[in-house]
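As structure tokens, the structure follows; a few thoughts come after it.
In our numbering, the protein residues as written are 1 to 156.
Pasting the structure below:
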């Protein structure tokens with residue numbers, strides 16, 4: 001008898017749009033591409049490969065938005081055209097899921113958002129850090145809306 005133990009990840013972006021009175025206007029969910037950088041970091045960490053920067057702690061700390069339209073790919077290392085970047089607002093985890101959230105106020109990221117990315121060990125400098133996830137979207141961010149963006153990585 002062979003017993004199989006599966007190990008995989010699934011990532012989902014959820015975006016809630018609110019008006020200025022913080023009333024929910026719409027909700028959208030997007031599946032993403034978890035890029036190779038994420039897996040490289042896990043394998044290097046498990047191998048205790050101290051020569052690899054991927055073996056360092058993976059601190060997810062920045063969301064970024066852009067207007068690039070190239071389809072997300074596992075080999076992506078940056079957004080195609082990053083325009084806005086902001087630190088994660090909150091993080092939490094359970095034994096099977098990690099969630100991070102971002103709040104975008106009415107004056108933030110106001111353009112036609114075509115891509116969202118999540119970075120580890122980044123700074124406020126565009127495309128700094130390690131891209132962990134990239135997702136194609138088509139959302140017009142107006143100065144009359146606030147967004148709650150959450151990203152969750154689930155074990156599947």
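Quick reminder that beta carbons are idealized off the backbone N, C-alpha and C, glycines included.
Nearest-angstrom Cα distance between residue i and residue j?
i: residue 88; j: residue 25; result: 22 Å
i: residue 23; j: residue 46; result: 45 Å
i: residue 148; j: residue 121; result: 22 Å
Just confirm the distance between the C-beta atoms of residue i and residue j, as a whole number of angstroms; I'd bet it's less than 8 Å.
i: residue 41; j: residue 134; result: Between residue 134 and residue 41 the Cβ distance is about 15 Å, and since that is not below 8 Å, they are no contact.
i: residue 154; j: residue 10; result: 5 Å
i: residue 119; j: residue 139; result: 19 Å between Cβ atoms; not a contact.
Go through its chain and collect everything with a Cβ distance to residue i's Cβ below 7 Å, but skip five positions before and after it.
i: residue 68; result: 79, 80, 81, 114, 115
i: residue 142; result: 110
Beta strand (DSSP E) containing residue i: first to last residue?
i: residue 132; result: 130–140
i: residue 13; result: 9–18
Residue i lies in the alpha helix (DSSP H); which residues open and close that run?
i: residue 63; result: It is not in any alpha helix (DSSP H) - residue 63 instead sits in the beta strand (DSSP E) that spans 60–66.
i: residue 73; result: Per DSSP, residue 73 belongs to no alpha helix (DSSP H) and is neither H nor E.
i: residue 111; result: Run containing residue 111: none; DSSP gives neither H nor E here.
Near residue i, which residues of its chain fall below 6 Å by C-beta distance, leaving aside the five closest residues on each side in sequence?
i: residue 77; result: 131
i: residue 101; result: 89, 90, 150
i: residue 127; result: 78, 82
i: residue 64; result: 79, 82, 85, 117
Counting only the same chain and skipping the five closest in sequence on each side, list residues whose C-beta sits under 8 Å from that of residue i.
i: residue 112; result: 67, 138, 139, 140, 141
i: residue 75; result: 35, 36
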